[in-house]
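J.:
Number of protein chains: 2
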Amino acid sequence: MTPDEFRRHGHDMVDWIADFLDDTGSGRRVFPEIQPGDVRARLPEHPPSELESFDDVVADLESIIVPGLTQWQHPGFFAWFPSNVSYPSILGELMSAGLGVNAMAWATSPSATELETLMLDWMQELLGLPARFRSTSEHGGGVIQGTASEATLVAMLAARWRVTGGDINADGDTTRLVGYCTSQAHSSIEKGFRIAGIGSERVRLVPHDERFAMQPGALAEMIATDRSAGLLPFFVCTTHGTTSSMAFDPTPAVAEICERERLWLHVDAAMSGIAALELSLRWVNDGLDRADSYTTNPHKWMGINFDCNLFWTADRASLIGALSILPPYLQSAAAEAGAAIDYRDWQIPLGRRFRALKLWFALRTEGVEPVQAMIRDHVAWTQQLADIFGADDRFEVLAPHPLNLLCVALRGDTVESANAATDALIDAANATGEVLFTRTLLDNRSALRISVGARATTHRDVLGAAALLQRLAPAR
Amino acid sequence: MTPDEFRRHGHDMVDWIADFLDDTGSGRRVFPEIQPGDVRARLPEHPPSELESFDDVVADLESIIVPGLTQWQHPGFFAWFPSNVSYPSILGELMSAGLGVNAMAWATSPSATELETLMLDWMQELLGLPARFRSTSEHGGGVIQGTASEATLVAMLAARWRVTGGDINADGDTTRLVGYCTSQAHSSIEKGFRIAGIGSERVRLVPHDERFAMQPGALAEMIATDRSAGLLPFFVCTTHGTTSSMAFDPTPAVAEICERERLWLHVDAAMSGIAALELSLRWVNDGLDRADSYTTNPHKWMGINFDCNLFWTADRASLIGALSILPPYLQSAAAEAGAAIDYRDWQIPLGRRFRALKLWFALRTEGVEPVQAMIRDHVAWTQQLADIFGADDRFEVLAPHPLNLLCVALRGDTVESANAATDALIDAANATGEVLFTRTLLDNRSALRISVGARATTHRDVLGAAALLQRLAPAR
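As you go down the protein sequences, you meet chains A and B in turn.
End of the first sequence = 476 in the working numbering, gap-free, step of one.
End of the second sequence = 1476 in the working numbering, gap-free, step of one.
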């Protein structure tokens, strides 16, 4: 591809994306009518022996790939969690790809590192996070990770390093370690315990209350029991907005226990933490002032295109202690002087993209006001949905809905029949292609999750989705 | 930003990138004259209270950010390893950002998953990899990871799962595990052992020969010693092209030992494996037919913009066993039927971008011929450099140079004086701003690494770099 061809195809592709995002629902099902293998069957099994034109590729993209995608940007997308993209963030990703730098260390791209640090500090202000997470604080700082799963894992590794005085790096002795969360915590906690060689059996599931929130008294008891069994409690993860039901653990009370017991407190606000951009919802940050680490995802609700996870810690020394390794081929004067941040020591991978551009472009040219307005709308519409389903005696609202997720279920004579009816309703709604809902289990009750978070979703789309569910729900 | 503004700014940005890549060396130092903090000092400490125009952002990009970057695309970039970008891969990244799908599972984006599987199979053919890595084989398959560090880590986790019959996930018992590589292996091996809770002490450094390659006899002895001490050897990593000197471990001989001892053999060809695209260099794959897993990086030499790491295994059941976790909110009919691949179970993170587009765009519109030609050139020029420095008695070539990396040093009366002179030469050359070299240590000898891998580098640039070093080197 010549530079001129790149210009031409690049312009076309920008226009293609503008058209796509301008009308993401147009003529597309949210989830395609497709079976495993259908897409591959339409593509050549072997690499081409002759070069093809870019236009041919775009034609296949339009006829095979896009129709085979789950449409996360569709106005009828109420599944999993939002994965919004905004125009400036797309341009930031494009620029990052064009510059082609590796931001693994300060020396490998100074301005990529420094802009990233600054963006984390800007976001600390915009989210109203504790000052001790700021890079200019004595012990804290932030970093862009790929995903919240990675953020959780590095938090766990930092916690482990601190409780073992760093010995873990050398001896790998995980035999006494034990950590805590509820059954509602994200699967990445348990997966992290497996990866870290601690094991699922050492993740204690603290009982939750009827709001699906951690019971601090039970946590304190479990820690005491583990200590008397000779184990070494080291890590607690509370969630601010669980994936299943958007439950909020009582971090202030948990923080008190963690402080007393000297455990690392990590707060996972991957899905909902961005709500703090809106001042009236800043309660989502309650308790963070005593957390050791915190994570939230601009790549979900905020519209900074995936991947852009933000992770802050108030104890960067433990994080770097756990993850730093300096072979001779990566040494530099800056690294040795300790004057600069080398973000490779804050994460699992070595290499890293220049992801700060996405945030910088978006915060300067669009700011947070459009996001605040969208968040207010989504939260208000979700409350309206709760009223609608609350007034329909076929339905039951299964969990608190403080923000933009509503978990509803059909009633039934038994749990089994209610679950079967709810599952059937989800399937029937999704089969229309107009909407996509996903399912969860809340204390064995099957729940239809309505996640109101797509950027393209309007009030009319939300009311339409409710009407569709009411129409499809069987009479009692 | 309105759709129309997105079109306009998007076109401008495509043109900006075309100009940038068309003349990456123009007026720019490879490494900026900059100190830690310089970039941040020129940017506002707090987020803007008023919105700014996109043109203002681009102006700051040009005046502050780009001049503060290490220029990985510069023709004088001979540092670390290549990180090339090609036009179609940039467009693939752009399209991925615009589509905004999350490819964590088949159900979350069917065509993203299926195109990825196909691209791994295409690359298996183009690299001449064993058929048992193909997704259509009985037990194998491939996946795009972010980085080789992650690929190495998941290989280690799969190996650990297999040797413990899966018990590790539950009990986290790492007490007897031990793995093997040389001191020349990438730092991600040791970092992976730390993350996995096994510890640095359980990474045995197998002695290397004068070519910096693993000594299989020593490996066999170490395994026997560890077994008689009651330990559980489980993992060997050989490297095809070490980062320090591009050494190749003798994988065929190591594979024989691994097969006999039932150890997982992972081959790390992050930097050099792409050479196999060129038929005359296919020897870089020697021994892969008996490896359990393999990784190489199209985001280095091949020009698929970062991140795009390819990881294959011949034992996907162990990989998935180690990494699969299925909470209710991620269940789907496809996942339960086992009919589709859910790539979240092949990696550390949960979420993932639609990275296959980059490969698809590049392989269809440019193919591998331009890459093959570039590889042949880079290898030939590196051999010419070896001749030039071999004929200059001030210099010494410190390691074999089968491909595109040459490690040279200045001679000296003592190791200390030679090292000091070599380090000074690196600093002096880099200070010109015309080139960037990085340093490594090879058995305590300081070495100047000349990595001939940037896409923009011409024969003239290579000869110019050699002449610069000869001019700056002190007379004997």
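Note that beta-carbon positions come from the ideal geometry of N, C-alpha and C, so glycine has one too.
These numbers were taken from a predicted model, which means no experiment stands behind them.
What distance in whole Å lies between the Cβ atoms of A:N305 and A:I90, which are believed to be in contact at a cut-off of 8 Å?
T.: Confirmed, about 6 Å.
J.: Is there a Cβ of chain A sitting closer than 8 Å to that of B:P1402, yes or no?
T.: No, B:P1402 lies away from the interface with chain A (no Cβ there is under 8 Å from its Cβ).
J.: For chain B, check one thing: does any of its Cβ atoms lie closer than 8 Å to the Cβ of A:F78?
T.: By this cut-off, A:F78 is not an interface position.
J.: Pull up the distance between the alpha-carbon of B:T1174 and that of B:R1204, whole angstroms please.
T.: Taking the straight line from one Cα to the other gives about 15 Å.
J.: A:L406 and A:I375 - do their beta-carbons sit closer together than 8 Å?
T.: In this structure, A:L406 does not lie closer than 8 Å to A:I375 by Cβ.
J.: Against chain B, which members of the stretch 26-51 of chain A pass a CB distance test of less than 7 Å?
T.: Hits within the stretch, in order: P32, I34, P36, V39, R40, L43, H46, P47, P48 and L51.
J.: By a C-beta neighbour count over all protein chains shown, 10 Å radius and 16 as the cutoff for buried, is B:V1254 buried or exposed?
T.: Flag for B:V1254 reads buried.
J.: Could you work out which residues of chain A lie near B:T1313, taking near to mean beta carbons separated by less than 9 Å?
T.: Under the 9 Å cutoff, chain A gives no residues; its nearest Cβ is about 17 Å from B:T1313.
J.: For B:E1201, does the count of other Cβ atoms within 10 angstroms reach 16, so buried, or fall short, so exposed?
T.: Result: exposed.
J.: B:L1091 versus chain A: which residues are under 7 Å apart at the beta carbon?
T.: Within chain A, the residues near B:L1091 are H9, G10 and M13.
J.: Just list the residues that DSSP pairs B:V1178 with in beta bridges.
T.: Bridge partners of B:V1178: B:P1233.
J.: State the Cα-Cα distance for the pair B:V1397 and B:F1133, rounded to the nearest angstrom.
T.: In a straight line, the C-alpha of B:V1397 is about 37 Å away from that of B:F1133.
J.: According to DSSP, is A:F437 part of a helix, a strand, or is it coil?
T.: Correct three-state label for A:F437: coil.
J.: Is it the case that the Cβ atoms of A:I348 and A:E210 are separated by a distance below 8 Å?
T.: Not a contact, by the Cβ cut-off of 8 Å.
J.: What does the alpha-carbon distance come out to for the pair A:F354 and A:L281?
T.: Cα to Cα, the separation comes out at about 30 Å.
J.: Consult DSSP for A:Q145 and reduce its assignment to one of helix, strand or coil.
T.: Three-state DSSP puts A:Q145 in a strand.
J.: Compare the C-beta of B:L1405 against all C-beta atoms of chain A and say whether one is closer than 8 Å.
T.: Closer than 8 Å: no.
J.: Indicate the three-state DSSP secondary structure (helix, strand or coil) for A:C258 in the structure shown.
T.: Correct three-state label for A:C258: helix.
J.: List, in chain order, every chain B residue whose beta-carbon is nearer than 9 Å to that of A:T414.
T.: Within 9 Å Cβ-Cβ: nothing; A:T414 doesn't reach chain B, min ~19 Å.
J.: Can you give me the start and stop residues for the beta strand (DSSP E) that B:W1264 sits inside?
T.: Looking at the DSSP string, the run of the beta strand (DSSP E) that includes B:W1264 is W1264 to D1268.
J.: Do B:G1092 and B:L1357 have their C-beta atoms within less than 8 Å of each other?
T.: Yes, the Cβ-Cβ distance between B:G1092 and B:L1357 is below 8 Å.
J.: Does the stretch 1109-1116 of chain B come close enough to the stretch 36-45 of chain A that 3 or more CB-CB pairs lie under 8 Å?
T.: Yes, they touch.
J.: With distances taken Cα to Cα, identify the nearest neighbour of B:D1345 among B:V1267, B:A1105 and B:A1418.
T.: Of B:V1267, B:A1105 and B:A1418, the residue nearest in Cα terms is B:A1105.
J.: When we look at the beta-carbon of B:W1283 and count the other beta-carbons within 10 Å, is it buried (16 or more) or exposed?
T.: That one is exposed.
J.: Find the residues of chain B that neighbour A:A339, judging by a C-beta separation of less than 9 Å, and give them in chain order.
T.: Chain B residues near A:A339: Q1035, P1036 and G1037.
J.: So, A:T238 versus A:M214, is the Cβ gap smaller than 8 Å?
T.: Yes, the pair counts as a contact, with Cβ atoms nearer than the cut-off.
J.: Over what stretch of residues does the alpha helix (DSSP H) that includes A:I348 continue unbroken?
T.: Neither: A:I348 is in no alpha helix (DSSP H) and is coded neither H nor E.
J.: Give me, in chain order, the residues of the same chain whose beta-carbon lies closer than 7 Å to that of A:G321; leave out the 5 immediate sequence neighbours on both sides.
T.: Excluding residues within five positions, the ones whose Cβ falls inside 7 Å are W161 and G166.
J.: Where B:L960 and B:R1460 are concerned, what is the direct C-alpha to C-alpha distance, given to the nearest angstrom?
T.: No answer is possible for residue 960 of chain B: the residues shown for chain B start at 1001 and end at 1476.
J.: Against chain C, which members of the stretch 1123-1136 of chain B pass a CB distance test of less than 7 Å?
T.: Judged by its chain identifiers, the structure shown contains no chain C, and its protein chains are A and B.
J.: Just how far apart, CA to CA, sit B:E1052 and A:L94?
T.: Taking the straight line joining both Cα atoms gives about 20 Å.
J.: Take A:L43 as the anchor and find which of B:A1185, B:W1122, B:M1001 and B:T1002 has the nearest alpha-carbon.
T.: With distances taken between Cα atoms, A:L43 lies closest to B:W1122.
J.: Taking C-alpha atoms, which residue in A:L279, A:V236 and A:I274 lies nearest to A:K265?
T.: Note on identity: in this sequence residue 265 of chain A is Leu, with Lys being the wrong assignment. Here the closest residue by C-alpha is A:V236.
J.: Following the continuous alpha helix (DSSP H) through A:R460, name the residue where it begins and the one where it ends.
T.: Where A:R460 is concerned, the enclosing alpha helix (DSSP H) stretches over H459 to L472.
J.: Closest by CA to B:Q1470, which one among B:A1456, B:L1448 and B:T1458?
T.: Considering only alpha carbons, the answer is B:L1448.
J.: Specify the secondary structure class of B:E1190 as computed by DSSP and reduced to three states.
T.: Correct three-state label for B:E1190: helix.
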